[in-house]
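Asks: The structure under discussion is supplied below as structure tokens; questions concerning it will follow.
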Amino acid sequence: MGEFLSTGTILAIAFIVILLIMYFRLIRNLSYYADEKLPKMETVIFIKNAQDEIEGIISNYYSSQVKPVELWIVDCGSEDQTPQILERLTLRFIGLKLLFLSDLPFHLCIQEVLKHTNAPALLLIDGTCLSSKEMLKLATGF
Numbered sequence: 046m047g048e049f050l051s052t053g054t055i056l057a058i059a060f061i062v063i064l065l066i067m068y069f070r071l072i073r074n075l076s077y078y079a080d081e082k083l084p085k086m087e088t089v090i091f092i093k094n095a096q097d098e099i100e101g102i103i104s105n106y107y108s109s110q111v112k113p114v115e116l117w118i119v120d121c122g123s124e125d126q127t128p129q130i131l132e133r134l135t136l137r138f139i140g141l142k143l144l145f146l147s148d149l150p151f152h153l154c155i156q157e158v159l160k161h162t163n164a165p166a167l168l169l170i171d172g173t174c175l176s177s178k179e180m181l182k183l184a185t186g187f
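Under the working numbering, the letters of the sequence shown match residues 46 to 187, in that order.
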């Protein structure tokens with residue numbers, strides 16, 4: 046009689062096996078979605094005359110733990126040393142993309158960026174006015 050398990054024991058073992066199978070399938074599916082199904086996101090920062098801030102912003106961005114695939118810096122017609130600083134920073138930071146536009150309205154700058162990027166998700170940051178530059182400093186810690 047000791048050789049055979051009771052019906053209750055068999056049902057309990059079957060229930061535990063089913064729960065383990067469901068658990069491992071759930072873990073596998075979650076890791077699949079977390080690793081491979083998230084869209085690639087690019088960050089786009091619009092700037093103008095930001096020679097004092099831009100190097101710190103980019104340095105802090107690249108020192109952060111979580112980064113989108115590419116960082117785009119769109120210069121909207123700077124008249125200071127910002128373009129030269131940006132060119133120098135492209136040698137230091139891989140994945141830094143630059144787009145130099147003449148003095149266009151902000152909505153036209155966005156349209157130009159959309160022509161040059163192909164990511165399914167974009168984070169757009171307007172750093173072209175003083176209040177936005179202050180927000181960028183607060184957000185990046187610079």
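Each residue gets a CB set at the ideal place from its N, CA and C atoms; glycine is no exception.
Flag this pair as yes or no: are the beta carbons of residue 115 and residue 87 separated by less than 8 Å?
Replies: yes
Asks: Cα-Cα, which of 168, 146 and 107 is closest to residue 139?
Replies: When each option's Cα is compared against that of residue 139, the closest is 107.
Asks: Between the beta-carbon of residue 191 and the beta-carbon of residue 169, is there less than 8 Å?
Replies: As displayed, the chain neither begins before 46 nor continues past 187, which places residue 191 out of reach and without an answer.
Asks: Please name the residue, chosen from 102, 109 and 124, that lies closest to residue 118 on a Cα-to-Cα basis.
Replies: 102
Asks: Does the Cβ of residue 153 have 16 or more other Cβ atoms within 10 Å, making it buried, or fewer, making it exposed?
Replies: exposed
Asks: Helix, strand or coil: how does DSSP classify residue 122 here?
Replies: coil
Asks: Our contact map puts residue 144 next to residue 161 with C-beta atoms below 8 Å; I'd like the distance itself, whole angstroms only.
Replies: 6 Å
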